[in-house]
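Heads up: the sequence shown begins at 587 in our numbering, then just goes up one per residue.
I have placed the structure first, in the form of structure tokens, so that the comments after it can refer back to it.
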Amino acid sequence: MELIQNLIARHKRGERIGLTSVCSAHPLVIEATFAHALRNAAPLVLIEATSNQVNQDGGYTGMVPADFRAFVEGIAGRLGFPLERLALGGDHLGPNAWTSFPAEVAMAKAEIMVADYVRAGFSKIHLDCSMSCAGDPTPLPERTIAERAARLCRAAEDAYAGDPSDAPVYVIGTEVPVPGGAAEDLDALAVTTPEAVLATLDMHRDLFAEGGLHSAWDRVIAAVVQPGVEFDHMKVVDYDPAAATTLVAAIEPVEHIVFEAHSTDYQTETALSALVRDHFAVLKVGPGVTFALREALWALDAIEAETVEAGKRAGLRAVAIARMKAEPGNWQRYYHDSGAALDLQLQYSLSDRIRYYWPDAEIAAAQVRLFDNLRAQVPPLPLLSQYLPIAYAAVRAGTATLDPVDLIVAHIGATLDAYHGACNPDD
């Protein structure tokens, strides 16, 4: 996609410019993303779906790629965001959703998925075959990862039938952080070595050439490496520029390729700015924005408790915790405490496993009731200042109303502000 390639080219020419990738399927997060872009006159919005969220089997959202595109474009249209400034991406596209199957079965499914993403108009494709399938060794040999990535690239190229100027751009890399944050406690991380990243690039370049994918290689825009950035349930490992000096130097002479930084959620704006300066020109954020969504919903729940009589309250927070305990499938492999400690993890873990539960019918109904209650009993400004000070400031500035959706969008916007500032330092 030319818009993305042009931005990367500007970065390679020395501009301190970057691109935020919002990885979420929640409608309020996507609305906040478009509202933020309109407010800041952003030339490009990149929204990505993961292979677990969206695939030919529906993923955990129930959407196939064409559904996700229609869903996102519908929100953009409602808000008046120009579709020519929207790019859709596919994150961690590979056999991740089917690792319980033998590799050949899983890869065949991944080929179908990647082709479906491309046919649906997704223009940024992250080829991620770093995970082992049934019968594979662990960890997977780097050459096997690269061979599988080239195979998926061929499926993507064969599926594309549009204007060559809009052909997909690709992201590669073998040192890929776990989607959604680490499940174990973290203290420090090993930064990818320059030798490792250059070897990865050479191997992929050679395999793409062997497969007749020369044009596709020219559209590889980024490699995923480990810059020493991650989060676990309760801690954040911040970016240390000094630890990444040699890694940063290694990418500078490589044509048309930058780094893509995963797990940048919860980094400070200073750290995000340093990442962009150091050629991590694509910053991924997912749990960070849904964590902000949860913060806003909990704040609205607290406002409801102070303004709405008990018998009419939605009790969203209590409903959500009860439903998570009744259906533990999306968190029980990650949270291992009990009692009050478990309640803290369910609600406040930085990995934000609660994001999988927002579509639950009972939780969704409670959210609707909460919004209805707060529209009928509009929150007074002092309570808004107490529980949602960022949204309060937006209301006082005239950029948000007291509608609960506006308040949530304003709160999420503060997280997006940090990314916008890092990616557009001259604005």
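Ideal placement from N, C-alpha and C gives every residue a C-beta, glycine not left out.
Using only the alpha-carbon positions, how far apart do Q918 and H712 sit?
Whole-angstrom Cα-Cα distance: 28 Å.
Looking at A867 and L630, is the spacing between their C-beta atoms short of 8 Å?
No, Cβ-Cβ distance for L630 and A867 is not below 8 Å.
Which of the three DSSP states, helix, strand or coil, is assigned to G645?
G645 falls in the helix class under three-state DSSP.
Do the stretch 903–918 and the stretch 967–977 touch if we need at least three Cβ pairs shorter than 8 Å?
At 8 Å Cβ cutoff, the stretches do not touch.
Since H712 is in the beta strand (DSSP E), which residue starts that stretch and which ends it?
Note, H712: beta strand (DSSP E), 710–713.
Counting Cβ pairs, one atom from each stretch, are 3 or more of them under 8 Å apart for the stretch 951–969 and the stretch 920–933?
Verdict: no, contact absent.
Hey, A802 and Y756 are a contact pair by Cβ (cut 8 Å); roughly how many whole angstroms apart?
The pair is a contact, with the Cβ atoms about 6 Å apart (cut-off 8 Å).
Can you give the Cα-Cα distance for E838 and H865, rounded to whole angstroms?
C-alpha separation (whole angstroms): 8 Å.
Looking at the structure shown, is G999 part of a helix, part of a strand, or coil, going by DSSP?
Three-state DSSP puts G999 in a helix.
How about A952 and L902: do their beta carbons lie closer than 8 Å?
Yes, the Cβ-Cβ distance between A952 and L902 is below 8 Å.
When you compare the CB positions of I998 and A878, do they come within less than 8 Å of one another, or not?
In contact: I998 and A878 (Cβ atoms closer than 8 Å).
In chain order, what residues of the same chain have a beta carbon less than 8 Å from the beta carbon of R671, not counting five sequence neighbours either side?
Excluding residues within five positions, the ones whose Cβ falls inside 8 Å are L589, A623, A628, P629, L630, V631.
Mark P914 as exposed unless 16 or more other C-beta atoms lie within 10 angstroms of its C-beta, in which case mark it buried.
When all chains shown are included, P914 counts as exposed.
When you compare the CB positions of L1094 and A696, do they come within less than 8 Å of one another, or not?
The structure shown does not extend to residue 1094, since the chain is modelled only from 587 to 1013, so the question has no answer here.
Could you tell me the distance, in whole angstroms, from the CA atom of W944 to the CA atom of D643?
Roughly 20 Å between the two C-alpha positions.
From I594 to R805, what does the alpha carbon distance come to, in whole angstroms?
In a straight line, the C-alpha of I594 is about 11 Å away from that of R805.
For the beta strand (DSSP E) that V834 lies in, which residues bound it at each end?
No beta strand (DSSP E) holds V834; the alpha helix (DSSP H) holding it covers 831–837.
Taking just the CA atoms, how far does K710 sit from S607?
Distance between the alpha carbons of S607 and K710 is about 10 Å.
Look at the alpha carbon of V871 and the alpha carbon of A776, and state the distance between them as a whole number of angstroms.
When rounded, the distance between both Cα atoms is 21 Å.
In terms of residue numbering, what span does the alpha helix (DSSP H) encompassing C739 cover?
Segment 728–745, the alpha helix (DSSP H) holding C739.
With contact counted as at least three CB pairs below 8 Å, one residue from each stretch, are the stretch 826–836 and the stretch 792–801 in contact?
No, the stretch 826–836 is not in contact with the stretch 792–801.
Anyone know if the C-beta pair for E634 and G676 falls short of 8 Å?
Cβ distance < 8 Å, so E634 and G676 count as in contact.
Does DSSP put K898 in a helix, in a strand, or in coil?
The answer is helix: DSSP assigns K898 an H, G or I state.
Using 8 Å for Cβ pairs, my map puts V810 next to G759. What's the rounded Cβ distance?
Sure, about 3 Å apart at Cβ, within 8 Å.
Determine the extent of the alpha helix (DSSP H) in which I889 is found, giving its start and end residues.
Unbroken alpha helix (DSSP H) run through I889: 873–893.
Taking the C-alpha atoms as reference points, what is the distance between A621 and H819?
Rounded to the nearest angstrom, the two C-alpha atoms are 29 Å apart.
With DSSP collapsed to three states, give me the class of S607.
Looking at S607 - three-state DSSP - the assignment turns out to be strand.
Is the separation between the beta-carbon of V650 and that of V658 shorter than 8 Å?
Cβ atoms of V650 and V658: not closer than 8 Å.
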